[in-house]
Structure formats: C-alpha cells, structure tokens
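FYI, in the working numbering the residues of the sequence shown are 135 to 560.
One structure is given here, and the rest of the page talks about it.
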Amino acid sequence: MKRPYHLYHSLLIFFLLPFLAQAQLSQDIANIEDKVIEWRRYFHENPELSNREFNTAKKIAEHLTSLGMEVQTEVAKTGVVGILKGNRPGKVLALRADIDALPVTERVDLPFKSEVKTTFRGVETGVMHACGHDTHIAILMGVAEVLSKNNDFAGTIKFIFQPAEEGAPPGEEGGAELMVKENVLKNPDVDAIFGLHIGAQQPIGTIAYKPGGIMAASQSFEINIKGKQTHGSMPWGGVDPIMAGVKIVDGLQTIISRESPLTQEAAVLSIGKFSSGVRSNIIPEEAQIIGTLRTLDRDMQKMINRRMEEMVPAIAKVYRAEATIDIEKGYPITYNDPELTSKMLPSLKKAAGEDKVIEIKAITGAEDFSFFAEEIPGLYFFLGGKAPGDNNPAPHHTPDFRIDEAGMLLGVKAFVQLSMDYLNTP
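Here's what the structure looks like:
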C-alpha cells in the first residue's frame, strides 16, 4: 500500500529538482554581491600596471585554488587561468576579465582611493583602475565561486584573467595576443568566449550589445622629426622640428576629414603627446609625436595607414626637416559572432530583463578581446555602471572616473546565465 506514495514522492522530487537547483543558483548569486564589492575595492586600492599585476594575480589564483579548480599562473607573464569542470562532458567555454590598471592619478574621493605611485615612461604618475578592470576581476571571481557551487552543466569553463589589456610596456609582449600565442584557448580547446566591460556612462541595470563589429581596431603610432638646432632669436639659422610637427598634426587630420568615407564607417585619429625642446630660447633639434588611430573597416585602415606613411615625410620635407613614422599592428576590430550573439541574446534578456538589453552602434574604443574573437566565436557586451541621477559621469581613462558598484551583480548574473545556457544547449 505504500508503493504509490513512494512513487509519487520520487516523481515529485524528480520534477522539483530543476526548480530547487535554480532557486539555489539564484540565492548563491544574490549572496555573492558583498564579496564582489569587497574584492573590487581591494583591487581598486591596489592597482598594478600592465605586465606588472603580480599581487593581483596572486589574489586571483588563491581564490580559484580555494574553489578546488585547476589553476594555471604566469600565463602571458602575469595571467591566471582557472578550469572548472561540469558534472558531465560537453563543450568548452571561456569567460574573460582583464586585470591591469592605468598610469592615472585618481581624484575621486573614495575610502578605497588609490594612492599608488609609479614612474611610467620616465614620468611620475599615480596608478588607478580608471577603466573599470577592477570590477571585471571581481565579477569573474564571483562567477567562479557561484558556478563552482552549481556545476550542474555539461562541459568545462575556463576562467581567463588576462593581463596587459591596456598594452604591454615598450619592448614587451603581453595581453590577449600573447595569451593566444601561448595556447590559452587550447588544452582543452575552447568553443566560444564571452567578455564584458563596465560602462561609466551607461545606466546600471542595463546591458548593451551589437552583432558584428562592436569596437574599433586600434593602432598607436610614433613620429620622430629631425631638424637643426639654433638660437631662438635667429630661427633662420636652423630647421624647426616643432613647426614641421605642427603641420604634420594638421595634415594627418585631413586624411580623416577629406579622404575617409565616414558615411561607411567611423575613423578617429588623435594625438596624445607632442614633445620637444628644453627652454624658451632654443629651437630644438628633434620632436616626437605619439597618437592613436581607430578604425572600424579593414580597407579604410589600410588606406589611412598608407596615407600616413606618405604624408609624414613629405610634410617634413617641405619644412626642410626629416621625419619617420612607425605604426604599430595594434588591436583588431572586436567582432561579435552574429550566430553566437543571436543564440545568446535571450540569455542576456533573462539576466537583465527584456527592456534592459539594448542594441547599440559600434564605438571607436578598442579592446584586445579582439584577439580571442579572431580565433573562436566571441560575444562581448557592455554592463551599465552609471549611478542614477549622475548626469555628467566622467569618461574612462580619466582621474574622475567612477562606477556605481550596484551595477556589478548584473555582470555576475549575465555571465552565469550565459554559461549555463550555452553549455546546457546541445
């Protein structure tokens, strides 16, 4: 007589298990928020520059090890990789966070404000997480903890904590390109990769995405001009590299404004540094110009590079100077695989809400996540970090950059939802 009851009880448990597991997963996500904020504040207060993220990497590795993961360190110099296996075989997914800070002196008055100082390219400066990578680290550490407790998924997850997204120091390799070179997407072979970036000017609680190219290719360039030194009172006695440099800067902008089909795709050329001379009454012998080029079309990039290489020495020659230009390979276009993006869009909407996931136009910022997405299908999206009522948020890479920590939990939710849905879908 007891058998029907036991059968009913067993069937009830069988059908309830998925709901119980989902409830536990949701609770674990909610419970991780305080830890994520605590980690973020630690990394914000203790920032490290590209390829020098030694203490950052140590803290990440300790956390992943405590979760029982297989942990790899010193990947691409200071990178950390954690490997988490599900409870059955399946695909391999990678989740990526960048971990380096910037040579920026913080002005934001926070109890965990960075007071770190360093010398960068011969200039004394502060060090600051002025692009939000501290939040990326904390979010992915939180995701790692949640999924290590809820590994009811098919396959394997690689947690990639990547150094030097902002670029390796001169003369060094680094970043995603070096990680790919060192086979971070192999053994086991990764099928797809997801990444996110917090946005200080995007409202919290929102996710922004775009199929195809979402961020520009980025190239740095360096121009060196050689003139002839003379007294400032008699400029005709020498060759002024500053004058030649000014005309070069002016000329380069005409490549964008007069030669680039901007209705096809955007392109931006900016000068970040112009240095020359030592005092007011000496016309110097040399000048140096450093800048960046952002493009969203490969053919336009090739055309602009060619015109820069033609124009720089030609303009210098007009002013009796000599000039050379070196254009770095830089970062490729950050490309969201259209099929993967379409497949995972419902997951983003489940995490944030149907009306909180917004398709945007491409932006001229750049990301070396692009090197991963050149190798395997990738999806990269933006996470809102702007506080309600903040009508004038500071841009990234500035001393006044700040984000609202209340936006980070959605990053955990999104990564968890994407991971579960991707791996558990045949």
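Ideal placement from N, C-alpha and C gives every residue a C-beta, glycine not left out.
**Request:** May I have a chain-ordered list of the alpha helix (DSSP H) segments no shorter than 4 residues that lie completely inside the segment 446-533?
**Result:** 472-486, 503-509
**Prompt:** To the nearest angstrom, how far is it from the Cα of Met203 to the Cα of Phe293?
**Reply:** Position 69 of the sequence shown, counted from the start, is the residue given in the question as residue 203. Position 159 of the sequence shown, counted from the start, is the residue given in the question as residue 293. Between the alpha carbons of Met203 and Phe293 lies a gap of roughly 10 Å.
**Request:** Starting from Ile217, follow its DSSP beta bridges and name the residues at the other end.
**Result:** Within the sequence shown, the letter at position 83 stands for residue 217. Within the DSSP bridge table, the entry for Ile217 names Glu204, Lys292 as partners.
**Item:** Beta-bridge partners of Lys342, as assigned by DSSP
**Value:** One-based indexing of the sequence shown puts residue 342 at position 208. The sequence as given places Ala at residue 342; Lys does not occur at that position. Answer by DSSP bridge pairing, in chain order: Ile492, Phe516.
**Asked** What residues match up with Ile327 in a beta bridge as DSSP calls it?
**Response** As a first step, residue 327 is located in the sequence shown; it is residue number 193 there, counting from the start. For Ile327, which the question treats as bridged, DSSP gives the partners Ala228, Gly512.
**Asked** Just how far apart, CA to CA, sit Pro375 and Gly256?
**Response** Within the sequence shown, residue 375 is the residue found at index 241, counting from 1. Within the sequence shown, residue 256 is the residue found at index 122, counting from 1. Pro375 and Gly256 have their C-alpha atoms spaced approximately 22 Å apart.
**Item:** Residue from Pro223, Asp168, Ala157, Pro237 with nearest C-alpha to His531
**Value:** The sequence position of residue 531 within the sequence shown is 397, counting from 1. If we check each option's Cα against that of His531, Pro237 comes out closest.
**Asked** Residue range of the beta strand (DSSP E) that Gln363 falls in?
**Response** Within the sequence shown, numbered from 1, the residue matching residue 363 stands at position 229. Premise fails: Gln363 is in no beta strand (DSSP E) and is neither H nor E.
**Asked** Is Gln435 buried or exposed, if buried means 16 or more other CB atoms sit within 10 Å of its CB?
**Response** Here residue 435 refers to the residue found at position 301 of the sequence shown. Its Cβ being crowded by 16 or more others within 10 Å, Gln435 is buried.
**Message:** Tell me the DSSP secondary structure of Arg441 in three-state form.
**Reply:** Residue mapping note: residue 441 aligns to position 307 of the sequence shown, counting from 1. Arg441: helix per DSSP, three-state reduction.
**Prompt:** Taking one C-beta from the segment 279-298 and one from the segment 521-541 each time, how about it: are there three or more such pairs within less than 8 Å?
**Reply:** no
**Message:** Does Trp173 pass the burial test, meaning 16 or more other C-beta atoms within 10 Å, or should it be called exposed?
**Reply:** Here the question's residue 173 lines up with position 39 in the sequence shown. Its Cβ being crowded by 16 or more others within 10 Å, Trp173 is buried.
**Request:** Within its chain, find whatever has a CB closer than 6 Å to the CB of Met135; leave out the 5 residues flanking it on each side and keep chain order.
**Result:** One-based indexing of the sequence shown puts residue 135 at position 1. Confidence at Met135 is low in this model, with a pLDDT of 47, below 50, so the placement of that residue is unreliable and no value is reported for it.
**Item:** Test item: CB-CB of Ile390 and Ala401 under 8 Å
**Value:** Position 256 of the sequence shown, counted from the first residue, corresponds to residue 390. Position 267 of the sequence shown, counted from the first residue, corresponds to residue 401. Yes, the pair counts as a contact, with Cβ atoms nearer than the cut-off.
**Request:** Report yes if the C-beta distance between Ile561 and Ala457 is below 8 Å; otherwise report no.
**Result:** The chain is shown only over 135 to 560; residue 561 falls outside these bounds and no answer can be derived.
**Request:** Indicate whether Ala455 and Lys360 have their beta-carbon atoms separated by less than 8 Å.
**Result:** Here residue 455 refers to the residue found at position 321 when the sequence shown is read from its first residue. Here residue 360 refers to the residue found at position 226 when the sequence shown is read from its first residue. Yes, the pair counts as a contact, with Cβ atoms nearer than the cut-off.
**Asked** If you draw a straight line from the alpha carbon of Asp555 to that of Met478, how long is it in whole angstroms?
**Response** As a position in the sequence shown, residue 555 is number 421, starting the count at 1. As a position in the sequence shown, residue 478 is number 344, starting the count at 1. Each residue's CA atom was taken as its position, placing Asp555 and Met478 some 8 Å apart.
**Request:** Check the DSSP bridge columns for Thr426 and list the partner residues they point to.
**Result:** Translated into positions along the sequence shown, residue 426 becomes position 292. Answer is Ser354, Ser404.
**Buried or exposed by the 16-neighbour rule on C-beta atoms within 10 Å, applied to Gly523** = Within the sequence shown, numbered from 1, the residue matching residue 523 stands at position 389. It counts as exposed.
**Asked** Looking at the structure shown, is Glu187 part of a helix, part of a strand, or coil, going by DSSP?
**Response** Numbered from 1 along the sequence shown, position 53 holds the residue referred to as residue 187. Three-state DSSP puts Glu187 in coil, outside helix and strand.
**Message:** So, with DSSP's three-state summary, where would you put Lys251?
**Reply:** Here residue 251 refers to the residue found at position 117 when the sequence shown is read from its first residue. It is a strand residue.
**Request:** Could you say which of Ser367, Ser409, Ala421, Asp431 lies nearest to Thr397 if we only look at CA atoms?
**Result:** Here residue 397 refers to the residue found at position 263 when the sequence shown is read from its first residue. When each option's Cα is compared against that of Thr397, the closest is Asp431.
**Message:** If the criterion is Cβ atoms closer than 8 Å, does the pair Phe516 and Gln336 meet it?
**Reply:** Working through the sequence shown from its first residue, we reach residue 516 at position 382. Working through the sequence shown from its first residue, we reach residue 336 at position 202. Result yes, Cβ atoms of Phe516 and Gln336 sit closer than 8 Å.
**Request:** Could you tell me whether the Cβ atoms of Asn185 and Pro297 are closer together than 8 Å?
**Result:** Counted from its first residue, the sequence shown places residue 185 at position 51. Counted from its first residue, the sequence shown places residue 297 at position 163. Yes.
**Request:** Report, in whole angstroms, the separation of the C-beta atoms of Leu544 and Gly339, which I expect to be a contact under 8 Å.
**Result:** Looking up residue 544 in the sequence shown gives position 410. Looking up residue 339 in the sequence shown gives position 205. Indeed they touch by this definition, with Cβ atoms about 6 Å apart.
**Prompt:** For Glu393, which of helix, strand or coil comes out of DSSP?
**Reply:** Sequence index remark: in the sequence shown, residue 393 carries index 259 (1-based). Helix.
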